[in-house]
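Chemist: First the structure, then my questions, so here it is.
Number of protein chains: 2
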Amino acid sequence: MIDFKIIHKDKNSRARAGELHTSHGIVETPAFVPVGTQATVKSLTSEDLQTIGVQVLFGNTYHLHLRPGEDTVAHFGGLGKFMGWNGVTMTDSGGFQVFSLARYRKFGKQELPNDDGQADLVKITEDGVIFTSHLDGSQHSFTPEQSIAIQKKIGADIILALDQCTTYPITHESAKADMERTHRWAIRSIQAMKHKGTFNQALYGIIQGSIFADLRRESAAFIASHPFDGFAIGGVSVGETKQEMHAAVERSIPFLPENKVRHALGIGDVDDIFEIIERGIDTFDCVTPSRLGRVGHVFAMPPEGNLQNRFRYDITKVQFAQDSMPLSVCCDCYVCKNFTRGYIHHLFRAKELLAYRLATYHNIYFIIQLTRKIRTSLLENRFAALKKQWLG
Amino acid sequence: MIDFKIIHKDKNSRARAGELHTSHGIVETPAFVPVGTQATVKSLTSEDLQTIGVQVLFGNTYHLHLRPGEDTVAHFGGLGKFMGWNGVTMTDSGGFQVFSLARYRKFGKQELPNDDGQADLVKITEDGVIFTSHLDGSQHSFTPEQSIAIQKKIGADIILALDQCTTYPITHESAKADMERTHRWAIRSIQAMKHKGTFNQALYGIIQGSIFADLRRESAAFIASHPFDGFAIGGVSVGETKQEMHAAVERSIPFLPENKVRHALGIGDVDDIFEIIERGIDTFDCVTPSRLGRVGHVFAMPPEGNLQNRFRYDITKVQFAQDSMPLSVCCDCYVCKNFTRGYIHHLFRAKELLAYRLATYHNIYFIIQLTRKIRTSLLENRFAALKKQWLG
Chain A
12 MIDFKIIHKD KNSRARAGEL HTSHGIVETP AFVPVGTQAT VKSLTSEDLQ TIGVQVLFGN
72 TYHLHLRPGE DTVAHFGGLG KFMGWNGVTM TDSGGFQVFS LARYRKFGKQ ELPNDDGQAD
132 LVKITEDGVI FTSHLDGSQH SFTPEQSIAI QKKIGADIIL ALDQCTTYPI THESAKADME
192 RTHRWAIRSI QAMKHKGTFN QALYGIIQGS IFADLRRESA AFIASHPFDG FAIGGVSVGE
252 TKQEMHAAVE RSIPFLPENK VRHALGIGDV DDIFEIIERG IDTFDCVTPS RLGRVGHVFA
312 MPPEGNLQNR FRYDITKVQF AQDSMPLSVC CDCYVCKNFT RGYIHHLFRA KELLAYRLAT
372 YHNIYFIIQL TRKIRTSLLE NRFAALKKQW LG
Chain Z
12 MIDFKIIHKD KNSRARAGEL HTSHGIVETP AFVPVGTQAT VKSLTSEDLQ TIGVQVLFGN
72 TYHLHLRPGE DTVAHFGGLG KFMGWNGVTM TDSGGFQVFS LARYRKFGKQ ELPNDDGQAD
132 LVKITEDGVI FTSHLDGSQH SFTPEQSIAI QKKIGADIIL ALDQCTTYPI THESAKADME
192 RTHRWAIRSI QAMKHKGTFN QALYGIIQGS IFADLRRESA AFIASHPFDG FAIGGVSVGE
252 TKQEMHAAVE RSIPFLPENK VRHALGIGDV DDIFEIIERG IDTFDCVTPS RLGRVGHVFA
312 MPPEGNLQNR FRYDITKVQF AQDSMPLSVC CDCYVCKNFT RGYIHHLFRA KELLAYRLAT
372 YHNIYFIIQL TRKIRTSLLE NRFAALKKQW LG
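Structure (structure tokens):
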């Protein structure tokens with residue numbers, strides 16, 4: 012199980028610094044949770060992640076269920092032991108990938124449907140979702156009970172209830188129906204947790220409601236009224252504007268108990284990190300730092316990095332070929348202490364495996380360090396000043 | 012410059028343990044030289060290589076010339092500084108890649124021509140070789156003088172004279188003509204070295220002669236009679252049998268001065284390592300450990316590894332899915348201490364970047380450790396026993 016302690020509250024916002032106590036150690040919050048989809052943060056070892064200062068890792072149940080399968084993960088002692096990671100772990104329910112992968116397969120990344128047109132690849136019923144594997148076309152299903160059973164085998168410290176991810180844009184009527192199903196699934200998930208598993212796990216409930224203020228409030232109030240160990244805000248990163256994303260968090264938080272931990276699913280842009288922490292979020296996961304790193308988009312601190320360039324630049328551009336500076340001038344990560352922009356530029360141009368590794372390492376370090384700085388600023392009552400320094 | 016000291020000679024063979032003193036430290040020989048073709052040993056950092064115990068790295072002039080270009084490498088202070096490697100470096104002349112890449116492009120890897128049918132992509136004249144880049148089709152040339160000039164900019168501690176790599180099979184007449192051209196190019200390379208460069212570099216001469224005993228002897232005697240700092244035996248890995256490869260080394264060695272270092276180009280199989288060291292080789296480079304690692308072929312020590320399975324097995328096979336053992340039971344490398352076969356099997360099945368990194372690390376560690384064991388066995392007068400233990 013987990014225990015969340017608030018260490019310090021910000022005077023001017025809902026932001027707080029806390030400690031999430033788990034059976035695999037304490038997570039100092041706010042904390043960024045890197046995503047290790049298939050039991051690996053792409054190209055990095057668990058030792059790298061520890062050196063970077065990562066405290067908690069996020070695994071994807073959809074992928075782990077399909078390969079290597081939850082029984083294999085359980086055979087090795089659960090997700091952490093399987094990948095050689097001694098820290099804290101969390102997994103999602105698998106629902107998000109089912110919905111998003113299915114959408115992409117049918118419509119391509121650029122043409123998302125206006126409604127749930129993915130019905131022929133993903134079938135949603137009151138019972139759960141039936142879907143075909145992107146690996147071999149085999150048929151699978153996630154009911155709330157199955158998702159919990161699979162996550163019990165995967166064995167992360169923190170697991171998530173199955174929710175129905177809504178498409179975007181969406182009508183109020185459809186969003187309400189999806190939310191209500193998410194609520195019924197939440198209750199079934201709590202029931203399913205009563206079956207004892209091998210591991211000592213905490214369950215988070217998920218708040219949905221799309222961009223609709225009344226639904227977000229209703230969902231937060233409903234989920235908060237049930238005995239979850241923590242809360243996750245879902246559906247804030249799919250197709251909505253940043254303002255809508257921040258509003259979704261802002262509307263949900265007041266309904267959640269102070270003394271329980273709050274997670275934002277799929278958020279990781281620098282400005283969003285400040286905004287959601289300010290609104291009371293404790294932890295957040297995102298693939299952005301690693302995914303951007305693998306295409307050569309590397310993070311840079313102010314003044315090089317700013318809101319206009321989204322705190323990043325493309326190291327593959329020819330202007331960096333003979334640049335002797337580190338990726339980010341004030342960064343003290345292993346990559347910035349040992350390699351030049353010119354060398355990393357060359358590795359990307361030559362499509363060398365080390366390119367992806369160095370950029371991923373730097374980008375994750377960057378977000379971890381930023382979050383650590385934010386935590387320190389909270390403890391020292393200067394969060395607003397730090398936010399202004401970064402976002403202007 | 013370099014200085015080679017013999018520390019101990021084996022009583023029953025030509026094998027010796029030595030020290031190669033360079034301006035970037037001492038290389039304890041026999042030593043394996045991993046190949047970092049494009050200024051990176053694929054997927055590994057220089058810190059990894061240091062932890063593994065690598066003493067000297069091999070870069071490929073053909074690749075570095077085309078990308079990022081020798082001027083860029085020079086701009087960053089030479090190969091070692093460019094890639095963040097503080098140890099010893101060596102580069103080849105570029106010739107081998109010109110000949111082999113050209114052959115592959117025209118005929119495919121499975122259909123090597125019987126003669127130098129690559130003439131339309133690589134034109135060989137007395138002056139040098141003219142070739143087209145595999146990257147963009149641009150035309151380039153390597154004369155002995157140009158190869159030295161390029162290698163002076165790349166700045167490795169040890170550089171190689173341009174040689175004419177022969178095809179295989181080949182007639183005695185053609186092999187003799189190629190060898191004689193290699194000899195004329197060797198003299199021009201020594202001349203070219205007299206132009207002062209930025210770096211303190213040693214030049215190796217290359218012995219050719221294909222599978223013909225008289226030519227190998229003639230070539231060794233000729234090259235040995237010129238003021239090279241060390242000697243490399245070339246053309247022993249292209250198309251010949253292992254027996255012919257060992258014979259080519261055996262025939263050359265007696266003509267080389269005892270007190271100069273001897274390198275075998277492109278050799279790295281476990282049995283060959285024993286055989287060439289026994290015949291008097293001090294250092295050898297090979298892409299095999301890293302290249303095999305990236306397709307999931309991992310090395311194993313006796314008794315798991317043996318001559319029949321070539322000291323390796325395919326970790327991608329389904330039998331390893333739930334195997335909790337390390338890659339090699341008695342290996343004490345970082346990978347074997349921290350990860351199971353089952354996890355690495357999963358990474359390969361999922362095509363995860365970490366798979367290539369872990370397998371490469373383990374395989375290079377394996378060969379480095381084997382070579383270190385051989386050195387210790389020489390110092391302790393039990394080389395023959397170690398060879399028998401490994402090869403039976």
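Chains as they are written, first to last, in our numbering: chain A, 12 to 403; chain Z, 12 to 403. Virtual Cβ for every residue (Gly too), placed ideally from N, Cα, C. Every value quoted in this text rests on a predicted model; they were computed, and no experiment measured them.
#1: Mind checking whether Lys407 (chain Z) and Thr371 (chain Z) have CB atoms under 8 Å apart?
#2: Answer yes or no: does any C-beta atom of chain Z fall closer than 8 Å to that of Lys164 (chain A)?
#3: Give the DSSP-derived three-state secondary structure of Val38 (chain A) in the structure shown.
#4: Return the Cβ separation of Ala243 (chain Z) and Leu171 (chain Z) in integer angstroms, given the expectation that the two are a contact with Cβ distance under 8 Å.
#5: DSSP state of Ala172 (chain Z), grouped into three classes?
#6: Identify the residues that DSSP records as bridge partners of Thr294 (chain Z): which are they?
#7: Between the alpha carbons of Phe110 (chain A) and Val340 (chain Z), how many angstroms are there, rounded?
#8: Whole angstroms is fine: what's the gap from Glu391 (chain Z)'s alpha carbon to Ala224 (chain Z)'s?
#9: When the cut-off is 8 Å and only beta carbons count, does Glu363 (chain A) lie next to chain Z?
#10: Is Ala167 (chain Z) close to chain A? Criterion is C-beta to C-beta, closer than 8 Å.
#11: In the DSSP output, what is Val140 (chain Z) paired with across the bridge?
#12: Taking Lys328 (chain A) as the reference, give the member of A:Trp96, A:Phe322, A:Asp168, A:Val306 with the closest Cα.
#13: For His86 (chain Z), which three-state DSSP category applies?
#14: Can you give me, in chain order, the residues of the segment 231 to 245 of chain Z that have a beta carbon less than 9 Å from any beta carbon in chain A?
#15: Under 8 Å between beta-carbons, which chain A residues line up against Lys253 (chain Z)? List them in chain order, please.
#16: Which chain Z residues are close to Ala332 (chain A), counting only those with a beta carbon under 8 Å from its beta carbon?
#17: Note down the Cα distance separating Ile284 (chain A) from Ala275 (chain A), rounded to an integer number of angstroms.
#18: Identify which residue in A:Ile18, A:Asn320, A:Gly91, A:His183 has its Cα closest to the Cα of Leu402 (chain A).
#19: Just tell me which of A:Leu369, A:Ala361, A:Arg393, A:Ile385 has its CA closest to the CA of Asp147 (chain Z).
#20: By a C-beta neighbour count over all protein chains shown, 10 Å radius and 16 as the cutoff for buried, is Lys16 (chain A) buried or exposed?
#21: For Leu402 (chain A), does the three-state DSSP call read helix, strand or coil?
#22: In chain order, what residues of the same chain lie with their CB nearer than 6 Å to the CB of Thr100 (chain Z), ignoring the 5 residues before and after it?
#23: At 3 residues or longer, what runs of the beta strand (DSSP E) sit wholly inside the segment 307 to 361 of chain Z?
#24: How many Å lie between Ser236 (chain Z) and Ile222 (chain Z) at the Cα?
#25: Could you list which residues in chain A have their beta carbon closer than 8 Å to that of Leu338 (chain Z), in chain order?
#26: Taking any Cβ of chain Z, which residues in the segment 21 to 43 of chain A have a Cβ under 9 Å from it, in chain order?
#27: Does DSSP classify Ile18 (chain Z) as helix, strand or coil?
#28: Cβ of Phe310 (chain A) within 8 Å of Cβ of Arg323 (chain A)?
#29: Give me the residue from A:Pro314, A:Thr209, A:Thr387 with the minimum Cα distance to Gly88 (chain A).
#30: Verify the CB distance criterion: does Phe350 (chain Z) have a CB-CB separation below 8 Å to chain A?
#31: Under a CB-based cut-off of 8 Å, is Ala370 (chain Z) close to chain A?
#32: With a cut-off of 8 Å, do at least 3 Cβ pairs link the segment 63 to 77 of chain A to the segment 137 to 156 of chain A?
#33: Quick one: does Leu55 (chain A) have its CB under 8 Å from some CB of chain Z?
#34: Let me confirm a value: Asp280 (chain Z) is counted as buried when at least 16 other C-beta atoms fall within 10 Å, else exposed. Which label applies?
#35: Give the straight-line distance between the Cα atoms of Phe350 (chain Z) and Trp96 (chain A), rounded to the nearest whole angstrom.
#36: Could you pull the start and end residues of the alpha helix (DSSP H) that Val281 (chain Z) belongs to?
Modeler: Once the coordinates are examined:
#1: As displayed, chain Z neither begins before 12 nor continues past 403, which places residue 407 (chain Z) out of reach and without an answer.
#2: no
#3: strand
#4: 6 Å
#5: Coil at Ala172 (chain Z), not helix or strand.
#6: Z:Ala42, Z:His274
#7: Going by the C-alpha atoms only, they are around 43 Å apart.
#8: 33 Å
#9: yes
#10: no
#11: Z:Ile135, Z:Phe153
#12: A:Val306
#13: helix
#14: The residues in question: there are none.
#15: Under the 8 Å cutoff, chain A gives no residues; its nearest Cβ is about 31 Å from Lys253 (chain Z).
#16: Pro79, Thr83
#17: 10 Å
#18: It is A:Asn320.
#19: A:Ala361
#20: exposed
#21: helix
#22: Around Thr100 (chain Z): Leu68, Leu90, Gly91, Ala167, Asp168.
#23: 308 to 310, 323 to 325
#24: Their Cα atoms are separated by approximately 21 Å.
#25: Within 8 Å Cβ-Cβ: nothing; Leu338 (chain Z) doesn't reach chain A, min ~13 Å.
#26: Contacts with chain Z (Cβ-Cβ distance below 9 Å) from the segment 21 to 43 of chain A involve no residue at all.
#27: strand
#28: Contact annotation: Phe310 (chain A) and Arg323 (chain A) have beta-carbon atoms nearer than 8 Å.
#29: Nearest Cα to Gly88 (chain A) within the set A:Pro314, A:Thr209, A:Thr387: A:Thr209.
#30: yes
#31: no
#32: Yes, since at least three Cβ pairs between the segment 63 to 77 of chain A and the segment 137 to 156 of chain A fall closer than 8 Å, the two stretches touch.
#33: Yes, Leu55 (chain A) lies at the interface with chain Z (some Cβ there is under 8 Å from its Cβ).
#34: buried
#35: Between Phe350 (chain Z) and Trp96 (chain A), the C-alpha separation is close to 10 Å.
#36: 281 to 289
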